[in-house]
Structure formats: C-alpha cells, structure tokens
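Asks: The structure under discussion is supplied below as structure tokens; questions concerning it will follow.
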Amino acid sequence: MQDEQGQRQYTGDVPNDTPNDTPDNASLFAQLLDTDGIGYDTVIPGDDGLIHTHHTPAQQGTSPTNSETEIEQDTVDTNGKTSKTAPKQPATKAAPPMGAVFRPDGSVDFTNSSADSSETTDDSEDDSEEKDEPSTSADSSQRSNDTADGTKAAGGSGFQARHAFSRVAALLCKAWNTVRSAVSTAWAAVVSFFAPVFGAIAHGWRTFASAIARGWRTFTSLKAVQVVFSACKFFKSRIWDKRMRFSFAFYTIVFIVVTAASVIGLQWSVYTEPTYAKGQVVDAQTKALNSVAGQLTSFVSQIWLHQSYQAWLNFIVLGVLYLTIILVINRFWVATAVFGTVMTVFAIADKIKVELRNEPIIPADLQFITGGNGDSIMSFTTKKDMILIDSAVTGVIWLIVVCVVLQFLDRRRGLIPYTWKRSEFVSVKNITAMVCRWATAILSVVLCVSFTWGLPVEGSWAKNFATGLSDTPQLWNAMGDAAANGPTMNFLRLAHVKIMDKPSEYSKENMEALAKKYAGEAEIINQTRTANLTDNTVIMVLSESFSDPTRVPGVSFTEDPMPQIRAIKSETTSGLMLSPGYGGGTANIEYQALTGLNMANYDSSLSIAYQQLVPKLKWTPTFNQIWNQANGKSSSVEFHAYSRTMYLRDSNYKKFGFTKFYATDGKPRLSNLTPIDSGLYASDSSFYSDILANINTDEGSNQFVQSVTMQNHLPYNDWYQNNQFKDSGDTSSDISDDEKTNIETYAKGVNYTDQATADFLNQLNQTNRPITVIFYGDHLPGIYSTASEDKHNQVTLHETDYFIWSNAASASANTKLDDTTSDYTSSNYFMAQVAQHLNAKVSPYLAFLTEMHAAIPAISVPASAGDASKPVYLDADGNRIQPKDLTTQQKELLHDYQLIQYDLTAGKQYLKDTSFMATAK
C-alpha cells in the first residue's frame, strides 16, 4: 500500500506467500519496529539507509495487527537475515518518539526527536481506546499539517492531557505527604506532652488498685469475715433460694384491700366536718350522719340502700388503673408501692385544696405545678395542713418499706415471668410469656386512655358505662361532682379538655356579616361619643378576694370594715360583680376582664383559661392592645404582688402585648413590697406605691396598667396585732369559732385595703394626667362555711364589689352611671362600661358588649348559683333570668356571643381579618 508520498508503508505483517522476497535491512528494521498495534506510529526507511519515525493517526477499518493474528513471522537479526519463528502472542511495543533515527548498528539518534510526538502505551487496551477516541480540533489541525508533509500524525494533545494530569497528581501526592507529615509531627508532640501526665495517672491508678486489692485480700482473710461469708452462703443456699412464691390468691386479697382503701381515702379528702354555732342544739344522730365518717358510710352503703353505685364505679376505675401499673411494671409489690404513694399524695393534696378553696384537685392543677409553682402552693398551707402532710409522708415511707421487703421475700420474679437469657430466650414458652406480658400492658394502657378520652363524650362506651353505674355529672360544680360521684370521676371527666361546642351557623360569611352588623352599631353609639379610650391612662386593679363581708348572711361587726370604698362607690360608677369563683379562680376573672370573653360560654372541662387555652392560641385580642396601637407597644404594663409564674402569667402577658411585667421575682422586680404585721403577703399600700413609682403620671404617653394584689389572699391566721373586728367587735351570729377567726382576720385585711385604696386614689388626684381606675374584687374568700351550706346564698357568695373612678384631671371626674347600667355586671363587661363612663368611642366588639350588657347585665358559670348545668344570667336588679325566660333579643345576642367567642378561641379567627376590634377615633 502506498502513502501520499509514494513511499511504502509497512503495517508489520509479512506475507507468507513471498518467503523468498527478502527486503533490504532498513525495511526489515522498520518491520521489526512496526507499531501498528499501537495505532499511530509509521516507520519509513530513508534513502540514507537509516530508519525515520513519524506519527500517523490510526485509520478505522484497518486489518488486525500482529497482536491479534497468530501466524508465523519473520524475525530480523542485526545482519539483515531473516528466519521463521513459531506463532506467539507479541509483546506490547513502545512507540518511538517522532523524528528518532535508528541506525543499522542498533543505535538510535534522538537529536531531532520531539517529546510532544512520543507517547508511551501501557497495553493493548490503550490501543483500542486511542482508536475509539474522536479526534479533537487540535488533532485535526495536526493531521492537516502531517498530511501536508506526509510524516506527522495526531496524538499530541492526548499526551499533553495525560502529562498535565500526571503533574496534578504529583502535586496532590506531594501536598498529601506534607499534610500527613505535619499531622504526624503534631500528634507526636501532643503525645509527648501528655504522655507524662497519662503515665502518672496510670501509675497512680495501678497503685490505688493494688492497694485496694491487697486491702480486700487482707480483709477477706480475717476469720470473722470468712464466718460472715459462710453465713451468707448458708442463707442463700438454705433460705434465700428456697423462699416461697406468693400465691395469686394473696395478690388478689392485697389488690382488693389497696383499691378499696384508695376509694375511701379519696372520698375522705372531699368531705369536711360540719360547723355548728355556739348554742345550736344538734342531736347525736345528725352529728354522726353529717360527720366525715358518716358521709363516707353513706357513700358506700348507698350501693345497697339506694342502688346508687358510685362507690362501685370508683372501685372499678381505680382497680383498672392499679392493674395497669402492675402489668406495665410486671412487679406486684413495686406497683403497689407506686399506686399507694400516688393515691396518698392525691388524697392529701385534695384535702388541703378543699379546705383552702372549697375545690378539689383538677387536671389543670397539674399544669400549675409543672409550671414551677410548687413553692407557691406550699406557702398557702397552714400548720394543720403541715401536720397532715407529715403524717402522710410517714405513711408513705412505711408503705414503701413494707413493699420492698415483700418484693425480696417473694421469689416470683414477675407477675408474668420471662427471661432475656440467650439459652432460654428462643423457647416457645418464653416467647409466649413475653408476648402476653407486653400485650396485656399495652391493652390496659389503651383501655385507660380510651375511658378517660370518652368519658365527657355523649354516646361513648365510657360515658354509657359510667352512667349505668349511677354517675351523674355536675359539670360546673367540681366540688359537688367530687362529693357525689367521687374525686376520681371528677378528675377524669376534666382530663380531656374541650374548648366549646361549635355554634350553629358558624361560617366565614356569617362572621363577616356579624362584624358588619356591629360596625353599624358602633357608628350609632359613636355619634354621641366625643372622647377616646386612649385619652386616659386606665389602671385595672384586681384586689385579691376583696368583698364586703357584711353582705354575707350572719356576718356583722360593730365597725364598717370598708367605709371609704363604700363612700367612693356612692359617688362614682359602681355596683356588684358576679364572679365565677368562690374561694379561688382569680385567673379566670382576670381573663374575662382583659378579653371581654366569658367562661360560661366554654365547655365545663375548660376550667382555667390561662393554663388550658391561652398557651395554645396564636392570637388573643385583649383591651390593652388598644393603647399599644395608639401609643406604642410600651403602653401596656402589668404589676403582680407575687411570682410571675403563677397561672403562666409571664408567657400569657407577652402574648397579650404587655411589654413590662413587674413581679416579686425576675426582672423587672417590685422592690418596695412589705407585709403588715405577721401577714404573709405584700400589703396593698406598698404595692400601690410601686405602681405609682413605675407608671407615667405626668410625662409620657397614656398607658393601660393591669395590677393584681395579694394582701387578702388566704390563709387568714390572725395576722394583725390591732384588730378591732375581734372579740366584742365581731357581732356575727350562727358561725363556729374557727370560722370566726378567719372572718375577723379577713375583715381587718379588708379594712387595710380600704385605707390603702383611698390613699392611692388621692395621690392619683394630684397628677395632671387623666387617669381612670377600675377596682374590683375577684371572688369571696372560701371561709363562709355556714353560709355556703344554704343553697340560697350561692349567688350572694359569688358577688364582689367594684367601681370605676376618674381623677380630677379627667373629663369624666365624678361621673356616675345610672343604677340600671352599673348595679350588676360581670368582669367581661368592664371595658365596655369604662368606654361608657368616659363617653369614649367604641369598636364593633365593644359595641356588641355594650348591647350585651344592657340586655343581660351579668353572666357567669352555673356554679355561681350552685347549679350543675345552666349558666347564670342576672337582670338589672340582680335577679336570676332562667334560660326559658330569655327574650328573642337576648337569645340572639347570646348566640352572637357564642359565635364571637368560638371564632376567637376555637374557630378559624375570621374576625381577625376584619375591623371588628378596631376602635374609632
């Protein structure tokens, strides 16, 4: 085959059919150096008798090379002679550099060679790769040059890439070696530095271990110790390993006794001994029946006497709970200790709370405790309570000791025994026991959760089961429910919290229509209003447990405990507030006053909004936000004369928009609080001083100030030295001695509040800033046991005093709304009344509350009248309005109220996107 120059190109194949045609030496040498197997080298014999090499790109479709064909081949020696050789697989040939000259004597001249044109091939696989590679543009350019002179071939760029890669790889290897050397050097330095320290520690430890070992050997070698060891071995082999397994019959007896004791103990916690006035004649049988023992006997005996099975229901529920603990722990005596301890603690806590607040333990109390209020609770206990707590602690310790001893004496490893030992684990018996053990534990837990979740739900299996065993819920009267149905049922009934039922006709369209409806009402009201709410600083004072004790039947004194507040009430807007609580419930009354919402609209399981509702809401509109919008976010300030963690106030106030919260702990902190005589809590006088020191009275913008006092909080243990309401000053009748002590102490506290409040208002009168004060008591103290026994006194025991007062700098100074507007109210109406008192413009929401207050002046939960299911509505004269007697307008307003409250708390909050909360200016 001829190339373009007319020269013969040798492919390296010697045809077998021309053995006698011997070529010249140069041709044979060229044949010997043929590199067609590589695919790009061409060897050309020159006219000068020498061999010249050039690069030519491999052509596709060429015939197989020597490396692929097994035939006989000629070999050429240095003299030019040829000989036949047996076929063999040729070795891989190296491509000579371009321009190299091979001389007949075997020497090679590289003087004119080019490094860029030479390339080393590793194996035949590289050859095939070169053949398959597409030519680059550089290769094409090189090939066109080679074609012009007939000697050059492509391939230089491929070599350059490999050469560059090799250089990069070499640099990386060098860098890696450098890093490795540095790390190795650093590690050696660290080891050499710490080696002495670690060596010293190791030496010290070995010395210590050796000393301990020697001491132990010395100790165990003593004869007395060996005697003890022998005795222990004897005890283990002869006594311990042969101890009995307690029978299931014995377990059953213990189970029944512990469960029955728990039922009786919990029921004991909600009963109190009756009180009788001096001189009151009561026969022995009545005293016995009304005593705690008599009430317990009646609760149990009604199973047979009246076919009322509440005691049996409590036994079953507690028994299932006890059994669940046993199955989960799988140790009878350990579970007994746990169950007995829990029941004892619950009963004691329930007893103390009933005595202090006339209310049993409810699930919300657990949130109160976990919120970090344990120390606060202990501060409310009396000496009598501490004696009870000490006795309970002793009893629990003995219970645990007995159970631990019985656990060791009982050889039974578990109620359902199984093992994790590898040799026995895979046995059918062991696997069956393990499956049964965990299946029963899980099923028992599921049963307890299902019962608790379904108990408040009508039609559920839990509700039907409880009803079949005489359960009669008193949803809004926790104390009555616990006494009648048992503390266990009352607690479980409130464990599943439901906010409120969805009102009929609730939809986005209806809520938007409702917002427009009351926007129109607001326009009508605002036509005659000239002022703005934010023209005044408003101070809302929640006075802990404040009320007029002389309004309680049977209570009287020779001196008026609150003459100055009584005088203030006669000169400004004032009246009585219907409270949802008696002896407690402060947070709910405060919640109503700040939001305008009413607890009566919620489900009975929602007992404390601050703990069960507010933390879950992303948006809660409160009245202080009106001042924030007008005067900036720093316009809302809160003061509380106790811990900021009570009822989660710290986090809730932030959600409400209060930027500063002054309390007795944390920052900012109230610094000038002092008690009176032996009192436990800060006096109202010192509390008012702190308020005056931290609000804007002369300069700055108007504010909304929320404050909560603590002076008159329970207990009432004769704190005050000069109490004119004691002894001859107390003219009360038909009350016991214990009751009198509490009432007399409380009356003196009211008297101190009366003086401090009057002084506070006088100081506000000296400022040039218009200030309006809303003063109210949150609830009555739970100390009127004689009066509370009469159901006709329930509403009276839920009415506290309030007034709305403006200082001399305010345009509303000496304003007093008519009696029909102010004689009776509930705390949810306070802001609407303030707007009316100040002649201030209102938002659609305040317009609704204004209209609602005119139609139904006071609303509260059923417990405010000792009822179990019906909310309490009062008219302008304080008389109760029965639901069946409501007018069409009142029913429509109540339905609107439910729609508004549901939307803001449990619904989609459609009103947030309207102007329902916006106050006109």
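Going by our numbering, the letters in the sequence shown line up with residues 472 to 1392, in that order.
By construction, the Cβ of each residue, glycine as well, lies at the ideal position given by its N, Cα and C atoms.
Tell me the DSSP bridge mates of leucine 1345?
Replies: Looking up residue 1345 in the sequence shown gives position 874. Paired residues: Ala1329 and Arg1351.
Asks: Return the first residue and the last residue of the alpha helix (DSSP H) that glutamine 781 is part of.
Replies: Within the sequence shown, residue 781 is the residue found at index 310, counting from 1. Segment 781 to 800, the alpha helix (DSSP H) holding glutamine 781.
Asks: Measure from the alpha carbon of alanine 955 to the alpha carbon of each residue in Arg1351, Asn1059 and Ser769, then state which is nearest.
Replies: Taking the first residue of the sequence shown as 1, we reach residue 955 at position 484. Of the listed residues, the one whose Cα sits closest to alanine 955 is Ser769.
Asks: Have a look at the DSSP bridge pairing and note the partners of leucine 1251.
Replies: For this step, residue 1251 is matched to residue 780 along the sequence shown. Its beta-bridge partners are Tyr1053.
Asks: In this structure, how does DSSP classify tyrosine 1133 when only helix, strand and coil are distinguished?
Replies: Residue mapping note: residue 1133 aligns to position 662 of the sequence shown, counting from 1. Reduced to three states, the DSSP call for tyrosine 1133 is strand.
Asks: Using 8 Å as the cut-off, can you tell me whether the stretch 1269 to 1278 makes contact with the stretch 1074 to 1083, which would need three or more C-beta pairs spanning the two stretches below that distance?
Replies: Output reads no: the stretch 1074 to 1083 does not touch the stretch 1269 to 1278.
Asks: Indicate whether isoleucine 1206 and glycine 1025 have their beta-carbon atoms separated by less than 8 Å.
Replies: Start at 1 with the first residue of the sequence shown, and residue 1206 comes out as number 735. Start at 1 with the first residue of the sequence shown, and residue 1025 comes out as number 554. Taking 8 Å as the Cβ cut-off, isoleucine 1206 and glycine 1025 qualify as a contacting pair.
Asks: Under a three-way DSSP split, which group does aspartate 1201 fall into?
Replies: Counting from 1 along the sequence shown, the entry for residue 1201 is found at position 730. In the structure shown, aspartate 1201 sits in a strand (DSSP, three-state: E or B).
Asks: So which of Tyr1373, His777, Tyr1344 and Asp1201 has the shortest CA-CA distance to serine 1027?
Replies: In the sequence shown, the residue the question calls residue 1027 occupies position 556. Comparing Cα positions, the closest option is Asp1201.
Asks: Measuring alpha carbon to alpha carbon, tell me which residue in Gln1307, Ser1293, Thr1296 and Asp1290 is nearest alanine 1282.
Replies: In the sequence shown, the residue the question calls residue 1282 occupies position 811. Taking only the C-alpha atoms, the option nearest alanine 1282 is Gln1307.
Asks: Between the alpha carbons of proline 1333 and tyrosine 1344, how many angstroms are there, rounded?
Replies: By 1-based counting over the sequence shown, the position of residue 1333 is 862. By 1-based counting over the sequence shown, the position of residue 1344 is 873. So the alpha carbons of these two residues sit roughly 9 Å apart.
Asks: Hey, aspartate 1148 and tyrosine 1191: beta-carbon distance below 8 Å or not?
Replies: As a position in the sequence shown, residue 1148 is number 677, starting the count at 1. As a position in the sequence shown, residue 1191 is number 720, starting the count at 1. Cβ distance < 8 Å, so aspartate 1148 and tyrosine 1191 count as in contact.
Asks: Select from Ser1277, Thr1385 and Ser1297 the residue whose C-alpha is nearest the C-alpha of leucine 1004.
Replies: In the sequence shown, residue 1004 corresponds to position 533, counting from 1. With distances taken between Cα atoms, leucine 1004 lies closest to Ser1277.
Asks: Between the alpha carbons of arginine 1140 and threonine 1008, how many angstroms are there, rounded?
Replies: As a first step, residue 1140 is located in the sequence shown; it is residue number 669 there, counting from the start. As a first step, residue 1008 is located in the sequence shown; it is residue number 537 there, counting from the start. Straight-line Cα distance between these residues: approximately 22 Å.
Asks: Distance check for isoleucine 797 and alanine 912, CA to CA, integer angstroms please.
Replies: Start at 1 with the first residue of the sequence shown, and residue 912 comes out as number 441. Start at 1 with the first residue of the sequence shown, and residue 797 comes out as number 326. Between alanine 912 and isoleucine 797, the C-alpha separation is close to 8 Å.
Asks: Determine the burial state of histidine 1324: buried for a count of at least 16 other Cβ atoms within 10 Å of its Cβ, exposed for fewer.
Replies: As a first step, residue 1324 is located in the sequence shown; it is residue number 853 there, counting from the start. So histidine 1324 counts as buried.
Asks: Beta strand (DSSP E) containing histidine 1111: first to last residue?
Replies: Position 640 of the sequence shown holds residue 1111. Note, histidine 1111: beta strand (DSSP E), 1107 to 1111.
Asks: Here's the rule: buried if 16 or more other CB atoms are within 10 angstroms of the residue's CB, otherwise exposed. What is glycine 1171?
Replies: Sequence index remark: in the sequence shown, residue 1171 carries index 700 (1-based). Its Cβ having fewer than 16 others within 10 Å, glycine 1171 is exposed.
Asks: With H, G and I counted as helix, E and B as strand and the rest as coil, what does DSSP make of arginine 1240?
Replies: The count along the sequence shown starts at 1 and reaches residue 1240 at position 769. Residue state, collapsed to three classes: coil.
Asks: Taking DSSP's pairing of strands, which residues face glutamate 1210 in a bridge?
Replies: Start at 1 with the first residue of the sequence shown, and residue 1210 comes out as number 739. According to DSSP, which records beta bridges pairwise, glutamate 1210 is partnered with nothing at all.
Asks: Quick check on the DSSP output: the beta strand (DSSP E) that includes glutamine 1177 runs from which residue to which?
Replies: Here the question's residue 1177 lines up with position 706 in the sequence shown. Taken as a continuous stretch (DSSP letters only), the beta strand (DSSP E) holding glutamine 1177 covers 1175 to 1179.
Asks: Per DSSP, which residues does alanine 1002 bridge with? Please list them.
Replies: For the purposes of this step, residue 1002 is taken as residue 531 along the sequence shown, with counting starting at 1. Answer is Ala1311, bridged to alanine 1002.
Asks: State the Cα-Cα distance for the pair aspartate 972 and threonine 1376, rounded to the nearest angstrom.
Replies: The sequence position of residue 972 within the sequence shown is 501, counting from 1. The sequence position of residue 1376 within the sequence shown is 905, counting from 1. Taking the straight line from one Cα to the other gives about 11 Å.
Asks: Take the Cβ of phenylalanine 719 as the centre, count every other Cβ of all protein chains shown within 10 Å, and call the residue buried at 16 or more, exposed below.
Replies: Looking up residue 719 in the sequence shown gives position 248. It is exposed - the Cβ of phenylalanine 719 has fewer than 16 other Cβ atoms within 10 Å.
Asks: Report, in whole angstroms, the separation of the C-beta atoms of tyrosine 1295 and alanine 1227, which I expect to be a contact under 8 Å.
Replies: For the purposes of this step, residue 1295 is taken as the residue at position 824 of the sequence shown. For the purposes of this step, residue 1227 is taken as the residue at position 756 of the sequence shown. With a Cβ gap of about 26 Å, tyrosine 1295 and alanine 1227 do not count as contacting.
Asks: Taking 8 Å as the threshold (C-beta atoms), are methionine 1388 and proline 1092 in contact?
Replies: Counting from one through the sequence shown, the residue named residue 1092 turns up at place 621. Counting from one through the sequence shown, the residue named residue 1388 turns up at place 917. Yes, they are a contact pair.
Asks: Among Pro944, Glu1042 and Asp861, which residue has its Cα nearest to the Cα of leucine 1288?
Replies: Position 817 of the sequence shown, counted from the first residue, corresponds to residue 1288. When each option's Cα is compared against that of leucine 1288, the closest is Glu1042.
Asks: State the Cα-Cα distance for the pair threonine 1267 and lysine 1040, rounded to the nearest angstrom.
Replies: Mapped onto the sequence shown, residue 1267 falls at position 796. Mapped onto the sequence shown, residue 1040 falls at position 569. Each residue's alpha carbon lies about 19 Å from the other.
Asks: For a test of the three-state rule: what should DSSP assign to valine 753, helix, strand or coil?
Replies: Within the sequence shown, numbered from 1, the residue matching residue 753 stands at position 282. Three-state DSSP puts valine 753 in coil, outside helix and strand.
Asks: Give a yes or no on whether the C-beta atoms belonging to alanine 419 and isoleucine 1330 are separated by under 8 Å.
Replies: The question about residue 419 has no answer, for the chain in this structure spans 472 to 1392.
Asks: For alanine 1336, is the beta carbon positioned less than 7 Å from some heavy atom of the ligand ZN?
Replies: The ligand ZN is not part of the structure shown, which contains no ligands of any sort.
Asks: Determine the burial state of glycine 686: buried for a count of at least 16 other Cβ atoms within 10 Å of its Cβ, exposed for fewer.
Replies: To locate residue 686, count along the sequence shown from 1; it is residue 215. Glycine 686 should be labelled exposed.
Asks: Among Val1176, Ile1245, Gln1063 and Tyr1124, which has the Cα closest to the Cα of serine 1106?
Replies: Start at 1 with the first residue of the sequence shown, and residue 1106 comes out as number 635. When each option's Cα is compared against that of serine 1106, the closest is Val1176.
Asks: By DSSP, does threonine 1385 sit in helix, in strand, or in coil?
Replies: What you label residue 1385 is simply residue 914 of the sequence shown in a count that begins at 1. In this structure, threonine 1385 counts as coil in the three-state DSSP scheme.
Asks: Should the stretch 939 to 949 be regarded as contacting the stretch 780 to 800, the criterion being three or more beta carbon pairs within less than 8 Å?
Replies: Contact holds: three or more Cβ-Cβ distances are below 8 Å.
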